[in-house]
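Below is one structure, written out as structure tokens, with a few remarks after it.
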Amino acid sequence: MMVNIKQIREILDVYDSARIQTWLNICSKCGLCAESCFVYLGHDKDPKMSPAYKVKRTLGEMYRQKGNVTREFLEGCFDTLWLHCTLCKRCSLYCPFGIDIATMMSLARRVCNSQGVLPEKLAFFTDNCRKSGNHMALPIEEFQETCEWMADEAGEEIKGVEIPFDKPDVKYMYTINPREPVFYPQDIAMAAKIFTIVGESWTMPSYGWDCTNLPCLQVIMRSQGRWSKACMTKPSNSGRKNYDHRMRSCVSLGEIRRTLFCRLSRWKASGGNCALCAMDI
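Going by our numbering, the first residue of the sequence shown is number 15, and it counts up by one from there.
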């Protein structure tokens with residue numbers, strides 16, 4: 015399968031700035047980026063795992079050849095770009111010259127992605143995001159039915175628990191990891207319990223509730239931007255507005271515990287059982 019040289023050159027030309035060229039040429043090979051990279055350290059300090067080396071042999075080579083690269087070259091970049099770099103930016107943080115290696119690795123990923131050189135599952139789940147709005151391809155109706163089921167079960171333990179959708183003028187809009195409604199729906203119920211106990215107004219979006227944004231890993235800038243805005247634009251289109259906070263699951267369930275747990279004292283004073291709440295949550 016041939017590569018589309020024209021498409022590769024178009025991507026490289028868009029980002030062919032003085033900054034990129036400076037980053038590619040200013041490296042003094044001091045090694046600070048390597049010492050900060052856990053992939054490098056985890057591979058017995060293999061020089062080929064050095065961030066400086068990885069960006070030189072991928073994006074640097076793409077620019078050196080002016081985009082005229084072969085499929086064999088792109089496939090040879092697969093492990094380096096997708097498996098040996100997490101785009102954590104530790105190398106960028108420690109570079110004394112401010113070279114943003116992670117940004118350049120992202121650009122190299124985008125070139126490979128344009129030619130179909132990327133993890134198969136990542137391509138599959140990102141395609142689900144584009145088609146259904148979440149990477150589990152869960153229809154809106156099924157998602158809402160799952161949440162209603164969890165609200166009913168949680169309501170048997172704590173009176174008044176509900177999981178509202180698209181509710182306007184509330185304090186929190188809560189988004190979740192798409193695995194939760196499929197494999198761990200009880201996590202949604204736990205969050206609903208917390209919101210109910212502390213008496214906060216909240217809602218979940220019927221669309222745009224997937225907080226994972228897999229296109230950001232695939233480095234499809236337009237898809238990433240559309241997905242990032244989903245929770246912002248869709249709410250306004252359906253009449254939802256004036257959210258003070260947007261929370262997301264995974265991190266956010268912990269955030270809810272930390273930021274709102276102090277308010278449980280108010281519930282305890284009213285005769286509630288804090289031990290039960292803490293255990294359930």
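Virtual Cβ for every residue (Gly too), placed ideally from N, Cα, C.
Since we're looking at a predicted model, the values are computed, not measured.
Item	Value
Inter-stretch contact at 8 Å, needing at least 3 Cβ pairs: the region 41 to 61 / the region 165 to 184	no
Every unbroken beta strand (DSSP E) within the region 161 to 205, with a cutoff of 3 residues, ordered by chain	186 to 189
Reduced DSSP category for residue 27 - H, G, I as helix; E, B as strand; rest coil	helix
Member of 74, 67, 82 whose CA lies at the smallest distance from the CA of residue 21	82
Neighbourhood of residue 174 by C-beta, 8 Å cutoff - its chain only, sequence neighbours within 5 removed	210
Residues bridged to residue 371 [DSSP beta-bridge criterion]	Here the chain has residues from 15 to 295 only, and residue 371 is not among them.
Own chain residues within Cβ distance below 8 Å of residue 146, not counting five before or after	152, 153
DSSP beta-bridge partners of residue 217	187
Spatially closest choice to residue 138 from 40, 149, 39, by CA coordinates	149
7 Å Cβ cutoff met for residue 47 and residue 61	no
Outcome for residue 111 when other beta-carbon atoms lying within 10 angstroms are tallied against a minimum of 16	exposed
Residues near residue 40 by beta carbon distance below 6 Å, same chain, minus five either side	111
Buried versus exposed, by CB contacts within 10 Å (16 or more), residue 297	Residue 297 lies beyond the range of the chain shown here (15 to 295); nothing can be said about it.
Top-ranked residue by Cα proximity to residue 176, from 132, 192, 159, 183	159
Counted within 10 angstroms of its Cβ, other Cβ atoms place residue 333 as buried (16 or more) or exposed	Because residue 333 is not part of the residues shown, which for the chain are 15 to 295, the question remains open.
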